[in-house]
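**Student:**
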Ligand code: SF4
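Chains as they are written, first to last, in this note's numbering: chain A, 1 to 620; chain B, 621 to 935.
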């Protein structure tokens, strides 16, 4: 409970709402005790007194009644009616929802059909119909507003109940011989209480508004009794000559509803775990850069990554996803970047074009040089014009990486036209050519397909075609075959190899599987815990791995292409990069680890072949 | 596509029937003698007797329902006692005014709400986002009728920019500019709440979409950020936004009741409130069925729009 309150109050606006609402409610409760004029005492001699008049702080209305007193009594009434309506709607709606969801089958079906029918009415209209039947009056307005809101609760709660009703503990309770009523009360109801509270806290503002609205129309509270809505309704006639009589109750409704809404938002955020984590932040157009020193260029080449450091800043925690990584790629070359998930290989690749999601990603150091030009911290427009034109990406799982609502032809055309001012027809012609290049049959027809209409292999070919659209110098392929089955995987690899040879493409191939890149890449770099642990020519590394981790990775490739089981074969888990142990990150899983391994920073040593290990398998 | 539309229209038939059942049942629950309720307490017993027979109130409930439904289908909504004219004529006379008001407000809230939501999401936590979030909270908390009154005070009484009430000027009005001048305030006042709700939801939908892989793909292709946001992301977010537009259309349509009262707009909403206060039950009944049916029709359009947008639904 105290945690809950802390969470609510962490949101400053919600805290503000709670305080204001608390004050208003306190005053409403104390109203009978306060030294106020009787709210219905008329005094026509003192009509329409302005606020701050003698004896009437807020002035008087058209019958000379004290506005302050009427405001307090009206607030009391409006709050009571609004909360009562919410309570009635919440309880009845929840009861209907729980019963429908728990019973399932016919009961559920019939109930939900009825609920859907009620929801087919425009909201206020149904309330009007109910008031029409019951006749004007505050209590009738309360009933109308509550009834109208029941479907909303019933539907929400039913959904949650259906989810709960199929969990194991319910089955267990049933097997233990518990009756339905007891299961409902002890197992189901406690689980839906937070949902009901969220739903109530987000709708109570509505209900106060709606009852005020009905009263405003003259269908709610009847004179001389007045809630805030009917005060406003009565004041309307004199709105122009005595605006304060309208403003006072109107502003009070606004204040109440706003504080209820603010508090409701706070409660929802506190109770809804998905929102609580604050995970719902969108990545910006380019990764944030906070770099103090620019490392000198270590040489030239097509693409050079020098001492790259990329971190994730989540609240107070810092995850070192990429730590001092340097790589080089020459034209026409294929470099394999290998590691388990979480090793930092994908983050390294995404850092090149500033595509690491940010927040939380931050590039804190290093340089990425494309033909000598540093891209880290380059203006967005520079990055954008290079993206897809000089450096193109192929991602894993093309079902989620292609836009689901655009035809693939249009996605290709767009890829061409954002970099080249060609006509739409010309771009279409080239798009179809590209589809042909990646060996998609019937390209003209397939161009009109949506991604979900293609097979996984076909989709990945589209992904490759899109990467090729502007004839880039470099393709960064991030696990492009992981989502595919083995035969399709082999086809895609062959295709990439062909394209590399025929177009002189440089490829940075990221994978967790040595088997995938053994044939394709001439050089390899192995990453672990955000660092490079071994690099060298592919053949040599495969023949005689120097780092114990590399050896293990290779040992668990059973045969070419079937590497998906590989990870399980290394005992232990990859390290959490927010809390790296001093010394070798692999030490906890290494069978050769000794005390020395855990003491200090271990350098990457060697020249053509480098390894970061004190006791390598072979001398580098 | 045609098949989908047909299927969607057919699926609306049971909903429409359900609506008539609900309205009929609600109306049948009127406590006491409906004829007395209609005629008022001064009615003579003969009149009550005649009306009862005329309304078929001596028959069983289900039979009365089918008679009533049959009449509805033939366009016979009964006669308004207070106005002494056919209910349908009265509704049709006034519906155009409501449609103009609610339609304009709906277009306003859809455009403003979505735009605000997108901007807010694209600049999450920035000053624009904070400002929009604040205005949105204010917008969804303000009673539309109070807002309307304040607008009248400011723009009609103080500044004298716009007329305070009515749909056309009494003298010399009646053309389009006159209508627009009269429409501006009520349409805005009606749109405000829905704008807030739509903005809030659009922001959430956009934030959800912007984290998806295909947005990263668009950026990796070099698509300019403006187009990533307003094209790729918004298009995908619309899948979540459109159903909310459908729901909000219902709020706008029925919220017109308040606005029509405040601005003396000659629409169905004001007619309904008058009818309720005068206990003109047949007029209420007819008006509610009519508006609900229009809303069901509108929701068919919403679903068709959704299926045009999302090819995965169309099957
Ligand atoms: S440094 Fe030590 S712990 Fe690390 S891999 Fe080498 S032998 Fe194993």
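C-beta atoms are modelled at their ideal positions from N, C-alpha and C, and glycine is treated no differently.
1) Run the proximity test for residue 604 of chain A: is its beta-carbon closer than 7 Å to any non-hydrogen atom belonging to ligand 1?
2) If we count the other Cβ atoms within 10 Å of its Cβ and call it buried at 16 or more, is residue 67 of chain A buried or exposed?
3) Could you work out which residue in A/70, A/482, A/554 and A/498 is closest to residue 245 of chain A when comparing CA atoms only?
4) Give me the residue from B/710, B/926 and B/843 with the minimum Cα distance to residue 382 of chain A.
5) Indicate whether the contact test is met: 3 or more Cβ pairs, each with one atom in the segment 233-248 of chain A and one in the segment 763-774 of chain B, closer than 8 Å.
6) Flag this pair as touching only if the segment 817-833 of chain B and the segment 887-897 of chain B have three or more C-beta atom pairs under 8 Å; answer yes or no.
7) Would you report the Cα separation of residue 743 of chain B and residue 853 of chain B, rounded to the nearest angstrom?
8) Less than 7 Å separating the Cβ of residue 549 of chain A from some heavy atom of ligand 1?
9) Between which two residues does the alpha helix (DSSP H) holding residue 356 of chain A run?
10) Taking only beta-carbon positions, decide if residue 930 of chain B is within less than 8 Å of chain A.
11) Given this structure, state the Cα-to-Cα distance separating residue 568 of chain A from residue 313 of chain A, to the nearest angstrom.
12) Give me the subset of the segment 703-734 of chain B whose CB atoms are less than 9 Å from a CB atom of chain A, sorted by chain position.
13) Taking 7 Å as the cut-off, is the CB of residue 525 of chain A close to at least one heavy atom of ligand 1?
14) With 16 as the cutoff for other CB atoms within 10 Å, does residue 287 of chain A come out buried or exposed?
15) Tell me whether the segment 361-381 of chain A and the segment 447-456 of chain A touch, counting them as touching only if at least three CB pairs, one residue from each stretch, are closer than 8 Å.
16) Per DSSP, what kind of secondary structure is residue 851 of chain B in: helix, strand or coil?
17) Take every Cβ of the segment 814-826 of chain B, pair it with every Cβ of the segment 394-403 of chain A, and state whether three or more of those distances are shorter than 8 Å.
18) Jot down the residue ranges of each uninterrupted alpha helix (DSSP H) in the segment 889-934 of chain B, minimum 4 residues, whole runs only, in chain order.
19) The alpha helix (DSSP H) that contains residue 180 of chain A, what's its start and end?
20) Assuming residue 401 of chain A is part of the alpha helix (DSSP H), what are its boundary residues?
21) Quick one: residues with CB closer than 5 Å to any heavy atom of ligand 1, in chain order, please.
22) Report yes or no: is there a C-beta of chain A within less than 8 Å of the C-beta of residue 852 of chain B?
23) Taking Cβ to Cβ, would you say residue 874 of chain B is nearer than 8 Å to residue 192 of chain A?
24) Distance, Cα to Cα, residue 323 of chain A vs residue 521 of chain A?
25) Just the chain B side, please: which residues come within less than 9 Å of residue 261 of chain A by C-beta, in chain order?
26) Run through DSSP, which three-state label would residue 639 of chain A get?
27) So with CB distances below 8 Å, who are the chain B contacts of residue 326 of chain A?
28) At which residue ranges does the segment 724-778 of chain B contain complete alpha helix (DSSP H) runs of 4 or more residues, listed in the order of the chain?
29) Around the C-beta of residue 919 of chain B, are 16 or more other C-beta atoms found within 10 angstroms, so that it is buried, or is it exposed?
30) Can you give me the start and stop residues for the alpha helix (DSSP H) that residue 385 of chain A sits inside?
31) Would you mind reading off the limits of the beta strand (DSSP E) that contains residue 326 of chain A?
32) For the beta strand (DSSP E) holding residue 690 of chain B, just list the boundary residues, first then last.
33) Report all residues from its chain with a CB closer than 7 Å to the CB of residue 724 of chain B; omit the five preceding and five following residues, and keep chain order.
34) Would you check if the segment 758-766 of chain B and the segment 868-886 of chain B touch, i.e. whether three or more CB-CB distances between them fall below 8 Å?
35) Closer than 8 Å, Cβ to Cβ, to anything on chain A: give me those residues from the segment 825-838 of chain B, in chain order.
**Tutor:** In terms of the structure at hand:
1) Numbered from its first residue, the first chain carries residue 604 of chain A at position 604. Outside the cutoff, so no.
2) Here residue 67 of chain A refers to the residue found at position 67 when the first chain is read from its first residue. It is buried - the Cβ of residue 67 of chain A has at least 16 other Cβ atoms within 10 Å.
3) Counting from one through the first chain, the residue named residue 245 of chain A turns up at place 245. When each option's Cα is compared against that of residue 245 of chain A, the closest is A/70.
4) Start at 1 with the first residue of the first chain, and residue 382 of chain A comes out as number 382. Cα-wise, what sits closest to residue 382 of chain A is B/843.
5) Flag = yes, the segment 233-248 of chain A and the segment 763-774 of chain B touch.
6) no
7) By 1-based counting over the second chain, the position of residue 743 of chain B is 123. By 1-based counting over the second chain, the position of residue 853 of chain B is 233. For residue 743 of chain B and residue 853 of chain B, the distance between alpha carbons rounds to 14 Å.
8) If you number the first chain from 1, residue 549 of chain A lands on position 549. Residue 549 of chain A: yes, Cβ under 7 Å from ligand 1.
9) On the first chain, position 356 is the one that residue 356 of chain A refers to. Per DSSP, residue 356 of chain A belongs to no alpha helix (DSSP H) and is neither H nor E.
10) For the purposes of this step, residue 930 of chain B is identified with residue 310 of the second chain, where counting begins at 1. So, interface residue.
11) Position 568 of the first chain, counted from the start, is the residue given in the question as residue 568 of chain A. Position 313 of the first chain, counted from the start, is the residue given in the question as residue 313 of chain A. With a pLDDT of 43 at residue 568 of chain A, under the threshold of 50, the modelled position of this residue cannot be trusted, and the question is left open.
12) none
13) Looking up residue 525 of chain A in the first chain gives position 525. It does not: the Cβ of residue 525 of chain A is nowhere closer than 7 Å to a heavy atom of ligand 1.
14) By one-based count along the first chain, residue 287 of chain A stands at place 287. The residue in question, residue 287 of chain A, is buried, as its Cβ has 16 or more Cβ neighbours within 10 Å.
15) no
16) As a first step, residue 851 of chain B must be located in the second chain, where it is residue number 231. Helix.
17) no
18) 901-929
19) Translated into positions along the first chain, residue 180 of chain A becomes position 180. Its alpha helix (DSSP H) spans residues 180-183.
20) Locating residue 401 of chain A in the first chain gives position 401, counting from the first residue. Here the alpha helix (DSSP H) through residue 401 of chain A covers 398-401.
21) A/548, A/584, A/586, A/587, A/590, A/592, A/593, A/597, A/613, A/614 and A/615
22) Residue numbering aside, residue 852 of chain B sits at position 232 when the second chain is read from its first letter. By this cut-off, residue 852 of chain B is an interface position.
23) Position 254 of the second chain, counted from the first residue, corresponds to residue 874 of chain B. Position 192 of the first chain, counted from the first residue, corresponds to residue 192 of chain A. Going by C-beta atoms, residue 874 of chain B is not nearer than 8 Å to residue 192 of chain A.
24) On the first chain, position 323 is the one that residue 323 of chain A refers to. On the first chain, position 521 is the one that residue 521 of chain A refers to. Straight-line Cα distance between these residues: approximately 24 Å.
25) In the first chain, the residue the question calls residue 261 of chain A occupies position 261. Within chain B, the residues near residue 261 of chain A are 757, 760 and 761.
26) Residue 639 of chain A lies beyond the range of chain A shown here (1 to 620); nothing can be said about it.
27) Translated into positions along the first chain, residue 326 of chain A becomes position 326. Under the 8 Å cutoff, chain B gives no residues; its nearest Cβ is about 23 Å from residue 326 of chain A.
28) 747-761 and 764-771
29) Counting from 1 along the second chain, the entry for residue 919 of chain B is found at position 299. The residue is buried, with at least 16 neighbouring Cβ atoms inside 10 Å.
30) One-based indexing of the first chain puts residue 385 of chain A at position 385. Per DSSP, residue 385 of chain A belongs to the alpha helix (DSSP H) from 380-386.
31) For the purposes of this step, residue 326 of chain A is taken as residue 326 along the first chain, with counting starting at 1. Here the beta strand (DSSP E) through residue 326 of chain A covers 317-329.
32) Stepping through the second chain from its first residue, residue 690 of chain B is reached at position 70. Where residue 690 of chain B is concerned, there is no enclosing beta strand (DSSP E), although the alpha helix (DSSP H) it sits in stretches over 681-693.
33) If you number the second chain from 1, residue 724 of chain B lands on position 104. Around residue 724 of chain B: 803 and 807.
34) Contact check between the segment 868-886 of chain B and the segment 758-766 of chain B: three or more CB pairs, one atom from each, fall below 8 Å, which counts as touching.
35) 826, 827, 828, 830, 831, 832, 833, 834, 835, 836, 837 and 838
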